[in-house]
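Trainee: Quick one: structure below, then a few questions.
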Amino acid sequence: MPPYESGDHPKQKKTHPIMRLSKLVGRRIKETPKDAHTPSHTFLIRGGYIRQVSAGIYTLLPLARRVTARICEIIREEMNRVDGQEVLMPVVLPGELWAESGRLTAVGPELLRFKDRNDKEMLLGMTHEEAVVHMIRTEINSYKQLPCTVYQIQTKYRDEARPRAGLIRVREFTMKDAYSFHSSQACLEEHYARLHQAYTRIFERVGLTNVLSIESDTGMMGGSTAHEFMAVAECGEDTIFMSPDQTYKANRDVARSTYKVPQEPLKPLEKIHTPGQKTIADVAGFLNVPTHKTGKAVFYTAGDDDLIFAMIRGDLDVNETKLKNHLCVSDLKAATDQQIRAAGAEPGYASPVALSGSNVRLVVDPSVKGNPNIVVGANEPGYHYLNFNLERDADEEAISLETVDIATVRPGDPCPVTGAPLTAVRGIEVGNIFQLGTKYSEPMACTYLDQSGKSRHMIMGCYGIGVGRLMAAIIEQSHDEYGPIWPAAVSPFTMHMCALNPKKAGVSEAADQLYTDLCSAGIDVVYDDRGDKAGFQFNEADLIGVPHRLVVSPKTLAEGQAEYRSRDGKRVEMISLDGASRFVTNLVVPVAPETGM
RNA sequence: CGGGGCGUGGCUCAGUCUGGUAGAGCGCUGCGUUCGGGACGCAGAGAUCGGAGGUUCAAAUCCUCUCGCCCCGACCA
3 MPPYESGDHP KQKKTHPIMR LSKLVGRRIK ETPKDAHTPS HTFLIRGGYI RQVSAGIYTL
63 LPLARRVTAR ICEIIREEMN RVDGQEVLMP VVLPGELWAE SGRLTAVGPE LLRFKDRNDK
123 EMLLGMTHEE AVVHMIRTEI NSYKQLPCTV YQIQTKYRDE ARPRAGLIRV REFTMKDAYS
183 FHSSQACLEE HYARLHQAYT RIFERVGLTN VLSIESDTGM MGGSTAHEFM AVAECGEDTI
243 FMSPDQTYKA NRDVARSTYK VPQEPLKPLE KIHTPGQKTI ADVAGFLNVP THKTGKAVFY
303 TAGDDDLIFA MIRGDLDVNE TKLKNHLCVS DLKAATDQQI RAAGAEPGYA SPVALSGSNV
363 RLVVDPSVKG NPNIVVGANE PGYHYLNFNL ERDADEEAIS LETVDIATVR PGDPCPVTGA
423 PLTAVRGIEV GNIFQLGTKY SEPMACTYLD QSGKSRHMIM GCYGIGVGRL MAAIIEQSHD
483 EYGPIWPAAV SPFTMHMCAL NPKKAGVSEA ADQLYTDLCS AGIDVVYDDR GDKAGFQFNE
543 ADLIGVPHRL VVSPKTLAEG QAEYRSRDGK RVEMISLDGA SRFVTNLVVP VAPETGM
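So, in structure tokens, the structure goes:
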């Protein structure tokens, strides 16, 4: 290779990306790999988009990289429109930074930690609050610089216990994460609303057709208000409850319902012999009462603290996420029989009645609180109480008693807003937004001086989108039995061109010419120049999933034409080769992004 | 972390129960014939059967240990 002349930098050379299928890295696979069980996983593998390297760790081949690049461009445009500034923070972070926020110890094995050569504790970033605070607290120190929003598109690593379904749940992934900094809660809330709109636009523009914005659990991120954006899909891991008119939508972990309590006169507490009846179903059957007239006792331990006695209506189940959030603990374990007995309760016959004096934390769901005359255990093997009434019969002097919603909502339960029966759908979490408040700025001393010269903690928001997961979600919502049907905005190519029988007179010349014309017109074309049988080429085209296809063959060439077909099969027509460039250009008039907010 | 399943050419699998020198289809290379919804013929290349021990004259196959991957659950910004 001769040295470059002065001014002849390689970057300045016009490069022609390889768009011939004969040269594209990544082959199509005819058979479904045994590991693939969902449409997106199957087609990403079969179409030559991704390859697994390890559990939850994938290589993106050129086709997938083209898709994610287009997704990232849309995200960038929308983030820039809400005043985001792109940055890039490290993947490898020092443990000490996470010690500042407390998450070094608070986060479990999901955080991958390791030592560097100097025996210093390091970690792979699973999210970047600490890193961004480290950046902002040194760059921003005046109210005049607020609000400010930065974002990055960066690799994250989470040591997931169980990766699954291809790109839906992985260990290493690319994420767009944004962080905003404010001097007031009102400013945060205003910006949060703007980001909510930006997210809605992003998911529309990438071609998702069914995305729900729902109330979500704030989990380990902390903070108060949070929303998740859920792409509705069968293979989704999350369950969303919503009212038929969608005025109420919430993740199962925060979904509420209203359980009516009957009005009836209180009857006297009565102990009754119930030998061997330890489960709700047993007791209800034995005493011939409906399960919703019983009380269920569930015991947990949190850390090394006292026993948690969760009490809920017999037909309902405790939602452990709700309970954890109420107790502000991250690990909740089912208590052992010994622990239950040590607290003065009897497994299978546990009761809040005779717990006096024991160090039990009693958490009662509202479904029990006003519910009159229910059946509960008697803290004595083989005995229950009839006509238990919480306010009257639980000894509030001796035990702490909290009433808080800890129920798991079921499909058909009444909506807390409209009262209509809630329905459940499955969804893939493609994005989320959080109002963090000062959860990180306080412990990490991220402050600014306000107008009066007083030092204050910045108020933060954070906003994430999983890029690879988004690509998979798009396939989940747009595919047929043959492959993906890419929305034009994110398709790896605009046009898929086939040359049938290229050795026949003039075909390959005409196809090459068309390919060149389209490329010159700025169209992203992938050209199947391999000369395989028609059916083979068509099946591969479907498996790649480009929304438009042109075919040149001896048959079409005889008429000076090419055949156009849309991937969804809704449009098929012959076009003249002369006017092909114009036809295609008209076909793919880009959807201009909306302007303004 | 509990429960289940699977590791045999690049891919999908058979062979394992009942030990006897490793197979098929797809894919790949070459030649020829075909050519509008996954063509055909001929000739080839390619696997120390996940790994390590052990039993045996002989191990893909039996035993022990181990690693990896998938699924269900638990967990999960």
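Per our numbering, the first sequence starts with residue 3, numbered consecutively.
Every residue, glycine too, gets a C-beta built ideally from N, C-alpha and C.
No experiment lies behind these values; they were computed from the predicted model shown.
Considering Cα atoms alone, identify which of 502, 254 and 371 is closest to residue 322.
Mentor: Cα-wise, what sits closest to residue 322 is 254.
Trainee: Between which two residues does the alpha helix (DSSP H) harbouring residue 326 extend?
Mentor: Where residue 326 is concerned, the enclosing alpha helix (DSSP H) stretches over 322-329.
Trainee: So, residue 547 versus residue 486, is the Cβ gap smaller than 8 Å?
Mentor: Contact: yes.
Trainee: Buried or exposed for residue 193, please, with buried defined as at least 16 other CB atoms from any protein chain shown within 10 angstroms of its CB.
Mentor: Flag for residue 193 reads buried.
Trainee: Report the start-end ranges of each beta strand (DSSP E) in the segment 422-455 that is 3 residues or longer and not cut off at the edges.
Mentor: Runs of the beta strand (DSSP E) inside the segment 422-455: 425-439 and 449-451.
Trainee: Provide the residue(s) that pair with residue 275 in DSSP beta bridges, ordered along the chain.
Mentor: Looking at the DSSP assignment, residue 275 forms a beta bridge with 385.
Trainee: Is residue 157 near residue 470, with beta carbons less than 8 Å apart?
Mentor: Not a contact, by the Cβ cut-off of 8 Å.
Trainee: Assign residue 585 to one of three DSSP states: helix, strand, or coil.
Mentor: The answer is helix: DSSP assigns residue 585 an H, G or I state.
Trainee: Bridge partners of residue 486, per DSSP?
Mentor: 481.
Trainee: Straight-line CA distance for residue 583 to residue 206?
Mentor: Whole-angstrom Cα-Cα distance: 28 Å.
Trainee: Does the Cβ-Cβ distance between residue 246 and residue 425 come in under 8 Å?
Mentor: For residue 246 and residue 425, yes; Cβs fall inside 8 Å.
Trainee: Determine, using beta-carbon pairs with one atom in the segment 497-505 and one in the segment 549-558, whether at least three such pairs fall under 8 Å.
Mentor: Judged by Cβ distances under 8 Å, the segment 497-505 makes contact with the segment 549-558, as three or more pairs qualify.
Trainee: With respect to the beta strand (DSSP E) encompassing residue 151, which residues constitute its N-terminal and C-terminal limits?
Mentor: Residue 151 -> beta strand (DSSP E) spans 150-159.
Trainee: Look at the alpha carbon of residue 24 and the alpha carbon of residue 531, and state the distance between them as a whole number of angstroms.
Mentor: So the two alpha carbons sit approximately 6 Å from each other.
Trainee: How is residue 82 classed by DSSP in three states: helix, strand or coil?
Mentor: Three-state DSSP puts residue 82 in a helix.
Trainee: Counting beta carbon pairs with one atom in the segment 182-199 and one in the segment 142-155, are three or more of them shorter than 8 Å?
Mentor: The segment 142-155, when compared against the segment 182-199, does touch it at the 8 Å Cβ threshold.
Trainee: Under 8 Å, do residue 236 and residue 171 count as touching if we go by C-beta distance?
Mentor: Not in contact: residue 236 and residue 171 (Cβ atoms no closer than 8 Å).
Trainee: What are the uninterrupted segments assigned as alpha helix (DSSP H) that are 4 or more residues long and contained completely in the segment 151-219, given in chain order?
Mentor: Complete alpha helix (DSSP H) runs here, min 4: 187-207.
Trainee: By the three-class DSSP mapping on this structure, what secondary structure does residue 394 have?
Mentor: Helix at residue 394.
Trainee: Taking residue 368 as the reference, which of 234, 264 and 301 has the closest Cα?
Mentor: If we check each option's Cα against that of residue 368, 264 comes out closest.
Trainee: Kindly indicate which residue of 167, 100 and 533 has the alpha-carbon position closest to the one of residue 58.
Mentor: Per the Cα distances, 167.
Trainee: Distance check for residue 444 and residue 224, CA to CA, integer angstroms please.
Mentor: Confidence in residue 224 is poor, its pLDDT being 49 and thus under 50, which makes the residue's placement too unreliable to answer from.
Trainee: In the segment 24-84, which residue ranges form an unbroken alpha helix (DSSP H) of at least 4 residues, counting only runs that do not cross its ends?
Mentor: Runs found: 41-48 and 64-83.
Trainee: Secondary structure at residue 137, three-state DSSP: helix, strand or coil?
Mentor: The answer is helix: DSSP assigns residue 137 an H, G or I state.
Trainee: Rounded to the nearest angstrom, how far is the Cβ of residue 232 from that of residue 429, given a contact under 8 Å?
Mentor: Yes, they are in contact, since the Cβ atoms of residue 232 and residue 429 sit about 3 Å apart, within 8 Å.
Trainee: If you run the structure through DSSP and keep just helix, strand and coil, what is residue 335?
Mentor: DSSP places residue 335 in strand when its eight states are reduced to three.
Trainee: If I measure Cβ to Cβ from residue 125 and keep anything under 7 Å in the same chain, skipping five residues before and after, which residues do I get?
Mentor: 95, 97, 100, 113, 114 and 115.
Trainee: Near residue 645, which residues of its chain fall below 7 Å by C-beta distance, leaving aside the five closest residues on each side in sequence?
Mentor: This structure gives no information on residue 645, because the portion of the chain shown stretches from 3 to 599.
Trainee: Taking the continuous alpha helix (DSSP H) assigned at residue 1, which residues delimit it?
Mentor: This structure cannot speak to residue 1, because the chain is shown only from 3 to 599.
Trainee: Sorted by chain position, which residues of the same chain lie with C-beta nearer than 6 Å to residue 484's C-beta, five sequence neighbours on each side aside?
Mentor: Closer than 6 Å at Cβ, skipping near neighbours: 544.
Trainee: With a 10 Å radius around its C-beta and 16 neighbouring C-beta atoms as the bar for buried, classify residue 528 as buried or exposed.
Mentor: Buried.
Trainee: Thinking C-alpha only, which one of 137, 435 and 505 is nearest residue 91?
Mentor: The residue with the shortest Cα to Cα distance from residue 91 is 137.
Trainee: What are the start and end residues of the alpha helix (DSSP H) that includes residue 546?
Mentor: Taken as a continuous stretch (DSSP letters only), the alpha helix (DSSP H) holding residue 546 covers 536-546.
Trainee: Where DSSP assigns a beta bridge to residue 240, which residues make up the other side?
Mentor: Answer is 429, bridged to residue 240.
Trainee: Can you check whether the CB of residue 197 is closer than 8 Å to the CB of residue 395?
Mentor: Not in contact: residue 395 and residue 197 (Cβ atoms no closer than 8 Å).
Trainee: Put residue 568 into one of helix, strand or coil per three-state DSSP.
Mentor: Note: residue 568 maps to strand in three-state DSSP.
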